[in-house]
Amino acid sequence: MNVFYRMLVAKTLLIGSLLAFPSWAAADGEYFSDSFGGPFNPFNPSHWTTISGSFVAFTNGVHVASYAADGTASAEHALDKPLPPGDNFQLELELSVRTDPANRVGAFTVLLLDDANNVVAKMNWHDAQTASGYGGVDFGAQGTDWATNPIYRTNPSGFGREYPTLNDARLEIRRSGNQWKAFVNSVQKGGVLTFNPTLTATKVRIQLSDGRYTPPAFEVTELQISEGCSLEDRIDKMLSRTDGVTVGQRTSIRNILVAAKATLRSMVVKLKKEEQTLAQLNLTGATTAKLRRQAIRTGTAAVDLVTYVSGSLLPQIYAVLTPQQRADLITPKMDMDEGMDKIVSELMF
1 MNVFYRMLVA KTLLIGSLLA FPSWAAADGE YFSDSFGGPF NPFNPSHWTT
51 ISGSFVAFTN GVHVASYAAD GTASAEHALD KPLPPGDNFQ LELELSVRTD
101 PANRVGAFTV LLLDDANNVV AKMNWHDAQT ASGYGGVDFG AQGTDWATNP
151 IYRTNPSGFG REYPTLNDAR LEIRRSGNQW KAFVNSVQKG GVLTFNPTLT
201 ATKVRIQLSD GRYTPPAFEV TELQISEGCS LEDRIDKMLS RTDGVTVGQR
251 TSIRNILVAA KATLRSMVVK LKKEEQTLAQ LNLTGATTAK LRRQAIRTGT
301 AAVDLVTYVS GSLLPQIYAV LTPQQRADLI TPKMDMDEGM DKIVSELMF
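Written out as structure tokens, the structure is:
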């Protein structure tokens with residue numbers, strides 16, 4: 001691989017580390033991360049402590065290998081560091097649920113727990129009655145059931161039809177101080193729950209329920225718990241180095257990044273898949289020709305991503321700011337690429 005390619009990959013991975021979460025071990029700023037079979041992280045059940053049933057890896061995520069007699073499969077994992085009640089955080093889950101035929105999964109739940117198994121936060125997708133078009137989401141703060149401190153529920157009776165299927169959907173709980181919010185694909189669900197947290201989270205549990213008969217049409221591809229900081233807070237932090245930035249300018253930048261997030265994420269995923277293929281070819285002693293062809297594809301993916309950010313995203317952000325604000329934000333010592341990295345790293349969550 002030539003120097004230009006290596007530079008592209010290094011730069012793109014910096015962006016990718018902010019948009020995708022490739023490691024089962026959390027990085028700085030994270031309490032936990034698992035990409036469940038992502039290109040750099042084939043799911044390894046040994047990283048988890050089995051509670052009931054069993055899980056297994058498949059091409060793009062985690063699946064259930066077997067259910068316990070009570071129809072559940074669950075496992076838990078310690079956080080990389082305790083999450084005290086005074087810390088802000090984001091709990092993010094990415095999953096897909098296809099059409100749910102009879103006798104399949106009833107619910108997938110993520111539980112953030114303390115040492116005594118008290119619930120700090122929880123979310124799930126549920127199907128109250130299989131093969132009947134039902135499906136919804138629940139988000140909860142401290143409490144032992146969904147009726148206690150719900151952040152949002154599709155339908156309290158459990159028979160909502162809001163989400164009978166999901167495709168690479170992203171479910172989130174965000175806590176800032178005593179404010180709790182829930183999101184599906186960056187769209188806030190319900191209002192703001194005001195509740196003072198008192199528990200220190202130390203582990204996370206995943207659980208599939210009511211799947212006694214056949215493996216569910218279900219894919220779990222990402223779970224992350226990270227230090228919480230809203231996009232608005234990051235914009236304010238970035239723009240605090242400049243004078244005279246208006247609320248309207250911050251709002252415009254936020255809208256640009258929210259609109260670009262899905263594109264950035266998909267391009268990073270493409271790059272990482274190409275890089276994983278390249279690594280596998282290298283490990284298996286592939287021919288020079290195969291390596292060269294794969295390196296070209298991976299280099300193209302990197303170029304596409306860097307071109308999109310530097311050629312489309314960054315100019316949009318620059319257009320919102322005055323020449324003086326741009327000069328204050330990106331100092332003369334920083335070239336365009338360094339400015340791009342700085343903006344993306346501080347604004348994307």
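Using the numbering used here, you'd call the opening residue of the sequence shown number 1 and step up by one each time. Note that the Cβ used here is the ideal one computed from N, Cα and C, for glycine as well.
Three-way DSSP call (helix, strand, coil) for A327 in this model:
Three-state DSSP puts A327 in a helix.
Tell whether a beta-carbon distance below 8 Å holds between H126 and G158.
One thing to note: H126 has its Cβ within 8 Å of the Cβ of G158.
Over the uninterrupted beta strand (DSSP E) stretch that includes L314, give me the two end residues.
Not the beta strand (DSSP E): L314 falls in the alpha helix (DSSP H), residues 314 to 320.
If you count every other CB in all the chains shown that lies within 10 Å of the CB of I317, and 16 or more means buried, which is it?
Counting C-beta atoms within 10 angstroms of its own C-beta, I317 has 16 or more neighbours from the protein chains shown and is therefore classed as buried.
Which residue's Cα is closest to the Cα of I256: A319, A286, E227?
Taking only the C-alpha atoms, the option nearest I256 is A319.
Where are the alpha helix (DSSP H) runs, 4 residues long or more, that stay fully inside the stretch 141 to 219, in chain order?
Not a single unbroken stretch of the alpha helix (DSSP H) spanning 4 or more residues falls wholly within the stretch 141 to 219.
Report back the beta-carbon spacing between A121 and I173 to the nearest angstrom; my notes put them in contact at under 8 Å.
At roughly 5 Å, the Cβ-Cβ gap stays under 8 Å, so A121 and I173 are in contact.
Q224 bridges to which residues according to DSSP?
According to DSSP, Q224 shares a beta bridge with S33, E92.
Which of helix, strand or coil DSSP assigns to N117
Reduced to three states, the DSSP call for N117 is coil.
Under the assumption that Y225 contacts L113 (Cβ atoms under 8 Å), give the Cβ distance between them as a whole number of angstroms.
It should be pointed out that residue 225 corresponds to Ile in this sequence rather than to Tyr. Actually they do not touch by this definition, with Cβ atoms about 12 Å apart.
Would a C-beta distance cut-off of 8 Å place V380 and L313 closer than the cut-off?
Outside the shown range of the chain (1 to 349) lies residue 380, about which nothing can therefore be said.
Does DSSP put A289 in a helix, in a strand, or in coil?
Three-state DSSP puts A289 in a helix.
Pair within 8 Å by beta-carbon distance, L208 and V64:
With a cutoff of 8 Å on beta-carbon distance, L208 and V64 are scored as near each other.
DSSP state of D127 mapped onto helix, strand, coil
It is coil, neither helix nor strand.
Alpha-carbon to alpha-carbon, T194 and Q188
Cα to Cα, Q188 sits roughly 15 Å from T194.
How many Å lie between T221 and G244 at the Cα?
Taking the straight line joining both Cα atoms gives about 42 Å.
Going by C-alpha to C-alpha distance, which of T322, Y67, A327 sits closest to G53?
Nearest to G53 by C-alpha distance, out of T322, Y67, A327, is Y67.
What's the call for N117, buried or exposed, on a 16-neighbour Cβ count within 10 Å?
Of the residues assessed, N117 falls on the exposed side of the cut-off, its CB having fewer than 16 other CB atoms within 10 angstroms.
Proximal residues to D138 (C-beta, below 6 Å), its chain only, five neighbours per side dropped
Cβ contact annotation for D138 (same chain, cutoff 6 Å, sequence separation greater than five): N124, W146, R153, in chain order.
For V247, name the three-state secondary structure that DSSP assigns.
When secondary structure is reduced to three states using DSSP, V247 falls in the helix class.
Measuring alpha carbon to alpha carbon, tell me which of K270, I296, P197 ends up nearest D87.
The option with the nearest alpha carbon to D87 is P197.
In or out: G135 buried (at least 16 other Cβ within 10 Å) or exposed?
The C-beta of G135 has 16 or more other C-beta atoms within 10 Å across all chains shown, which makes the residue buried.
For T49, tell me which candidate among F32, S33, A69, S74 has the shortest Cα-Cα distance.
Considering only alpha carbons, the answer is S74.
Sorted by chain position, which residues of the same chain lie with C-beta nearer than 7 Å to T72's C-beta, five sequence neighbours on each side aside?
For T72, where only same-chain residues beyond five positions count, the Cβ hits under 7 Å are S52, G53, Q207, L208, S209.
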